[in-house]
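Read in order, the letters of the sequence shown are residues 4 to 133 in my numbering. Using N, Cα and C, we set each Cβ at its ideal position, and we do this for glycine too.
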Amino acid sequence: MQAVGRSIQWAVYALTRICLAAHTRHVSGGAFAVLADPTRRRILGQLLSSESSVSELVQAIAVSQPTMSKHLRVLRDAGFVSSRVAAQQRIYRIEARPFETIDEWLAPYRELWRRHLDALERHLDMQEER
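Below is the structure:
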């Protein structure tokens, strides 16, 4: 009986862990962890202007090809980039959806700052009137 109880507890924990991982992967933990790396941010910055092959990214970012492949895999797994095959090259491009998700998550914080800045503007206007 004790083994069955442990199995059920493990199953519940595993399910909770899966749900938690799915939630954090989309916004808080996963997206921000992916973007925390400066090399990945540089890659995204490079892809902002145009699609690029792995070799073009290696040259532009000045990292080794294995390092670039590792970072591109992380970005691809997180949904920030996608790739297509052209001849014998992989061409990478930015995907908008993860950025839209982050933008949605940031919306209440932007509203908070907007309210504070509006209040500051009103305060400064009142100070000028005196």
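Check your understanding: V84 bridges to which residues according to DSSP?
Key -> Here residue 84 refers to the residue found at position 81 of the sequence shown. Answer is I97, bridged to V84.
Practice item. Report, in whole angstroms, the separation of the C-beta atoms of R45 and I64, which I expect to be a contact under 8 Å. Key: Sequence index remark: in the sequence shown, residue 45 carries index 42 (1-based). Sequence index remark: in the sequence shown, residue 64 carries index 61 (1-based). Going by Cβ atoms, the distance from R45 to I64 rounds to 5 Å, so yes, they are a contact pair.
Practice item. Give the DSSP bridge partners of S55, in chain order. Key: As a working note, residue 55 is residue 52 in the sequence shown. Looking at the DSSP output, S55 shares a beta bridge with Y95.
Exercise for review: Kindly give me the distance between the Cβ atoms of V84 and R100, rounded to whole angstroms, as I take these residues to be in contact under 8 Å.
Suggested key: Your numbering for residue 84 matches position 81 in the sequence shown. Your numbering for residue 100 matches position 97 in the sequence shown. So it is not a contact: roughly 11 Å between Cβ atoms.
**Study point:** Straight-line gap, A81 to L51 (C-alpha atoms, nearest Å)
**Key:** The residue you call residue 81 lines up with position 78 of the sequence shown. The residue you call residue 51 lines up with position 48 of the sequence shown. Between the alpha carbons of A81 and L51 lies a distance of about 17 Å.
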